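Novice: Attaching a single structure in structure tokens format; questions to follow.
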């Protein structure tokens, strides 16, 4: 009897983790988590941007999130993850780098977090969103993106396009049956009204910054 596929807005069943993460040591954002964190730290240090608060918008097994926390040592950190399997795994491990980091882990999905009414909306300096958006529908993305731009100053984003998902099938015989296939152009239509692309994977909120207020002074590289 086949099981109903549960997409990212609802969290994944254990089957998702056992299939998609069968060899986590070979996955982007896991095997090279230290390099990703070092890249973020380097580019912010270059522009003298202070990162004191971090949120991970679907931390999965928590490898990249933990590395980012160790690299930036933020005073405030928040992580959300919809899947019980991954949430319990990370909660037991304890990933706060120091006692002074106020870390909150929340077992919820990105859509619910964006729709949640808050008494006082907190702004995060850096948001991490890796391999999440391909599991949200178009309508969910329309809801999520403007909220992210409001609540997050800089967003570290990675999401596989339709070409990359196709290459995964052809090159490594990996088929992510949960992922929605979208073109690069379609993702950009969701991103551009709310964020400026200022570097590889790094987005800047259009609510918080423009060409006059940005700390990223190479204006040629704003898309």
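In my numbering, the protein residues as written are 156 to 378.
Think of the CB as a built atom: it goes at the ideal place given N, C-alpha and C, for glycine as much as any other residue.
Everything numeric in this text was worked out from a predicted model, so none of it was measured.
Determine the direct distance from the alpha carbon of residue 294 to that of residue 369, and round the result to whole angstroms.
Specialist: Cα-Cα distance, rounded: 30 Å.
Novice: Whose CA, out of 231, 202, 198 and 246, lies closest to the CA of residue 215?
Specialist: Residue 215 has its Cα closest to that of 246, out of 231, 202, 198 and 246.
Novice: Among 201, 188, 265 and 200, which one has its Cα closest to the Cα of residue 223?
Specialist: For the residues 201, 188, 265 and 200, the minimum Cα distance to residue 223 belongs to 188.
Novice: Just tell me which of 333, 330 and 289 has its CA closest to the CA of residue 315.
Specialist: Out of 333, 330 and 289, 289 has the C-alpha closest to the C-alpha of residue 315.
Novice: How many Å lie between residue 285 and residue 212 at the Cα?
Specialist: Cα-Cα distance, rounded: 8 Å.
Novice: Exposed or buried, residue 372, counting other C-beta atoms within 10 Å across all chains shown (16 or more means buried)?
Specialist: Exposed.
Novice: Tell me where the beta strand (DSSP E) around residue 313 begins and ends.
Specialist: Taken as a continuous stretch (DSSP letters only), the beta strand (DSSP E) holding residue 313 covers 307 to 313.
Novice: Please return the same chain residues whose Cβ sits closer than 7 Å to the Cβ of residue 350, not counting the five positions on each side in sequence.
Specialist: Once the five neighbours on either side are set aside, the close Cβ partners of residue 350 are 304, 310, 358, 359, 360 and 361.
Novice: Using a Cβ-Cβ cut-off of 7 Å (strictly less than) and excluding sequence neighbours within five positions of residue 162, which residues of its own chain qualify?
Specialist: Below a pLDDT of 50, predicted positions are generally treated as unreliable, and residue 162, at 47, falls in that range; no measurement from the model is reported.
Novice: Please work out which residues of its chain come closer than 7 Å, Cβ to Cβ, to residue 255, disregarding the five sequence neighbours upstream and downstream, and give them in chain order.
Specialist: Cβ neighbours of residue 255 beyond the five flanking positions: 230.
Novice: By the 10 Å Cβ neighbour count, where 16 or more other Cβ atoms means buried, how is residue 459 classified, buried or exposed?
Specialist: This structure cannot speak to residue 459, because the chain is shown only from 156 to 378.
Novice: Quick check on DSSP: helix, strand or coil for residue 242?
Specialist: Residue 242: helix per DSSP, three-state reduction.
Novice: Would you kindly check if the distance between the Cβ of residue 364 and the Cβ of residue 300 is under 8 Å?
Specialist: Result no, Cβ atoms of residue 300 and residue 364 do not sit closer than 8 Å.
Novice: Helix, strand or coil for residue 226? Go by DSSP, reduced to three states.
Specialist: If DSSP states are grouped into helix, strand and coil, residue 226 belongs with the helices.
Novice: Taking the DSSP output, what are the residues bridged to residue 351?
Specialist: Bridge partners of residue 351: 359.
Novice: At what residues does the beta strand (DSSP E) containing residue 257 begin and finish?
Specialist: Run containing residue 257: 257 to 261, per the beta strand (DSSP E) assignment.
Novice: Beta-carbon within less than 6 Å of residue 220's beta-carbon, same chain only, minus the 5 sequence neighbours each way: which residues are those?
Specialist: Answer for residue 220: 211, 214 and 234, listed in chain order.
Novice: Out of 263, 343 and 377, state which residue places its alpha-carbon closest to the alpha-carbon of residue 352.
Specialist: Of 263, 343 and 377, the residue nearest in Cα terms is 377.
Novice: Could you check which residue in 236, 292 and 348 has the C-alpha nearest to that of residue 337?
Specialist: Nearest option by C-alpha distance: 292.
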